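Here's the structure, in structure tokens; my notes come after.
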Amino acid sequence: MIPYGRQDITEADLAAVRDVLTSDFITQGPAIAGFEEALAGYCGVRHGVAMNSATSALHVAYMALGLGQGDLLWTSPNTFVATSNAALYCGAEVDFVDIDPDTYNMCLDSLEAKLEAAEKAGRLPKVVTPVHFAGQSCDMARLGALRDRYGFAVVEDASHAVGGSYGGAPVGNCAHSDITIFSFHPVKIITTAEGGMAMTNDDELAAKMAMLRTHGITRDPARMRGEGDGPWYYQQTMLGYNYRITDMQAALGRSQLTRLDSYIDARHARRAVYDRELADLPLKLPYQAEYQHSGLHLYPVLVTDAAPVDRATAFARLREMGIGVNVLYIPVYLQPWYQDLGFRPGHCPNAEDYYRRMITIPMYATLGADDQQTVIDRLRDVFGG
Ligand SMILES: *Cc1c(COP(=O)(O)O)cnc(C)c1O
1 MIPYGRQDIT EADLAAVRDV LTSDFITQGP AIAGFEEALA GYCGVRHGVA MNSATSALHV
61 AYMALGLGQG DLLWTSPNTF VATSNAALYC GAEVDFVDID PDTYNMCLDS LEAKLEAAEK
121 AGRLPKVVTP VHFAGQSCDM ARLGALRDRY GFAVVEDASH AVGGSYGGAP VGNCAHSDIT
181 IFSFHPVKII TTAEGGMAMT NDDELAAKMA MLRTHGITRD PARMRGEGDG PWYYQQTMLG
241 YNYRITDMQA ALGRSQLTRL DSYIDARHAR RAVYDRELAD LPLKLPYQAE YQHSGLHLYP
301 VLVTDAAPVD RATAFARLRE MGIGVNVLYI PVYLQPWYQD LGFRPGHCPN AEDYYRRMIT
361 IPMYATLGAD DQQTVIDRLR DVFGG
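Using the working numbering, the letters of the sequence shown map in sequence onto residues 1 to 385.
Take a look at the structure:
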């Protein structure tokens, strides 16, 4: 099976992990700060707070922004469940803004209309989380203008978009947001096995997230209540978690980061081949907005009405032929858990139409030319032409 995504682990990665394993610290040593500073430097942002997953990073990001009971978070339905689940962990309510039929990101026209209605109803969201689907950044300047007007906070779920850019600057610089989240799960662009990071320019948010990642504990006298007892002293001043990443993982991430730009170039080279070779098939190929350069986590294709087979048939045939296709995402609010919260089919028609048609085909930096040709040939078998 040619998978839809795959990690790339080199000898240099192995050496970096081995170095940590034979050092004094295998967790909470210097490799974590090294990885945080390296990725923050890459993004041009003040702080990175590394955690054991992007889900954890979303949770502490929302907590640090004060999201809680009685508050509302809006996001895109075209995402992994973690984006909205993390708001439910905080006791907040969530709602979903329909997607743009070309970018498959949250539609900012719909967002604007929904904000207008919410302002009239006196129930504005506290946080809006755009998801840079497939690695394509949302139009962040426009979202930032809405943030300024309506006063919500913005958390970018950039799990798909590390290495991408918006307006010529790296995704993760938080120019139009409070916090940006990256994931380092193995199918994403760079990996730490499990892992994630929260980027921010806000010193206070960074300090809060660092404490929430480790039980709400601080060793910084400036953050303690009253006087410390001595050099051994630490204080817990909020209720946090164990969301720590290990030094082993951070060393892997930092080593992977040295190849991030080459990974993005390799993904775009493969995109150009697909764009050219699949253009005549009855498929809608991914659109690239000119204001951004995608991280290209995914290459989603949509089965159009002109296709000889429907999505389910195409999916089954491609899997039988050894092509590791996938379907991302089932609109979050169609999950039974969310149906129990009161959501109903029809809530976001564009997301549902997209979901009915979409297949994501193999896309990763080390996808070989022969394997890519096999994917193209099998797509031609299924869709004709
Ligand atoms: C993968 C992913 C997450 C969760 O990342 P983990 O690191 O697995 O917790 C969240 N949001 C999106 C959009 C993702 O793709």
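C-beta atoms are modelled at their ideal positions from N, C-alpha and C, and glycine is treated no differently. All values reported here derive from a predicted model rather than from experimental measurement.
{"Query": "Three-state class that DSSP yields for Asn-85 in the structure shown", "Result": "helix"}
{"Query": "For Val-94, the three-state DSSP class (helix, strand or coil)", "Result": "strand"}
{"Query": "Inter-residue CB distance, Asp-157 and Ile-181 (contact presumed, cutoff 8 Å)", "Result": "5 Å"}
{"Query": "Sequence-distant residues of the same chain with beta carbon closer than 8 Å to Gly-240, five excluded per side", "Result": "Val-60, Met-211, Leu-212, Arg-213, Thr-214, His-215, Gly-216 and Ile-217"}
{"Query": "Any beta strand (DSSP E) of 3 or more consecutive residues that is wholly inside the segment 167 to 197", "Result": "179 to 183"}
{"Query": "Proximity test, Thr-83 beta-carbon vs ligand 1 heavy atom, cut-off 8 Å", "Result": "yes"}
{"Query": "C-beta contact flag for Ala-161 and Gly-135 at 9 Å", "Result": "yes"}
{"Query": "Helix, strand or coil at Ser-76 according to DSSP, with G and I counted as helix", "Result": "coil"}
{"Query": "Beta-carbon contacts of Asp-24 that lie in its chain and below 8 Å, excluding the five residues immediately before and after", "Result": "none"}
{"Query": "Per-residue burial, Thr-304 [other beta carbons within 10 Å of its own, 16 or more giving buried]", "Result": "exposed"}
{"Query": "Short Cβ contact (9 Å threshold) for Pro-308 with Pro-282", "Result": "yes"}
{"Query": "Top-ranked residue by Cα proximity to Thr-366, from Ile-26, Arg-267 and Leu-21", "Result": "Arg-267"}
{"Query": "Of the residues Asp-280, Gly-48, Thr-27 and Gly-44, the one placed nearest Glu-36, counting alpha carbons only", "Result": "Gly-48"}
{"Query": "Any non-hydrogen atom of ligand 1 closer than 8 Å to Val-127 Cβ", "Result": "no"}
{"Query": "Member of Ile-26, Gln-69, Met-140 and Ile-179 whose CA lies at the smallest distance from the CA of Asn-201", "Result": "Ile-179"}
{"Query": "Element boundaries [alpha helix (DSSP H), containing Thr-360]", "Result": "Looking at the DSSP string, Thr-360 is not in any alpha helix (DSSP H); the run it does join, the beta strand (DSSP E), is 358 to 361."}
{"Query": "DSSP state of Pro-30 mapped onto helix, strand, coil", "Result": "helix"}
{"Query": "Contact between the segment 73 to 89 and the segment 218 to 234 (3+ Cβ pairs under 8 Å)", "Result": "no"}
{"Query": "Reference Tyr-89; option with closest CA among Gln-69, Pro-231 and Ile-190", "Result": "Gln-69"}
{"Query": "Leu-124 versus Val-94 - alpha carbon distance", "Result": "12 Å"}
{"Query": "Three-state secondary structure assigned by DSSP to Gln-236", "Result": "strand"}
{"Query": "Ala-316 versus Val-131: straight-line alpha-carbon distance, rounded", "Result": "28 Å"}
{"Query": "Heavy atom of ligand 1 within 8 Å of Ala-54 beta-carbon", "Result": "yes"}
{"Query": "With 16 other Cβ atoms within 10 Å as the buried cut-off, status of Met-63", "Result": "buried"}
{"Query": "Cα-Cα separation, Asn-78 to Asp-280", "Result": "27 Å"}
{"Query": "Proximity test, Ser-177 beta-carbon vs ligand 1 heavy atom, cut-off 8 Å", "Result": "no"}
{"Query": "Where Glu-227 sits in the DSSP three-state scheme", "Result": "coil"}
{"Query": "Near ligand 1: Asp-202 beta-carbon under 8 Å from a heavy atom", "Result": "no"}
{"Query": "For Gly-164, three-class secondary structure by DSSP", "Result": "coil"}
{"Query": "Val-128 beta carbon less than 9 Å from that of Val-154", "Result": "yes"}
{"Query": "beta-carbon Thr-181 near ligand 1 non-hydrogen atom, thresh 8 Å", "Result": "According to the sequence shown, residue 181 is Ile rather than Thr. Yes, the beta carbon of Ile-181 sits closer than 8 Å to at least one heavy atom of ligand 1."}
{"Query": "Cβ-based burial, Lys-114 [other Cβ within 10 Å; buried from 16]", "Result": "buried"}
{"Query": "C-beta atoms of Val-97 and Gln-335 nearer than 9 Å", "Result": "no"}
{"Query": "Contact test: Asp-462 Cβ vs ligand 1 heavy atom, cutoff 8 Å", "Result": "It is not possible to answer for residue 462, since the shown part of the chain is limited to 1 through 385."}
{"Query": "Reduced DSSP category for Thr-214 - H, G, I as helix; E, B as strand; rest coil", "Result": "strand"}
{"Query": "Ser-159 CB to nearest heavy atom of ligand 3 below 8 Å", "Result": "Within the structure as shown, ligand 3 is missing, the only ligands being ligand 1."}
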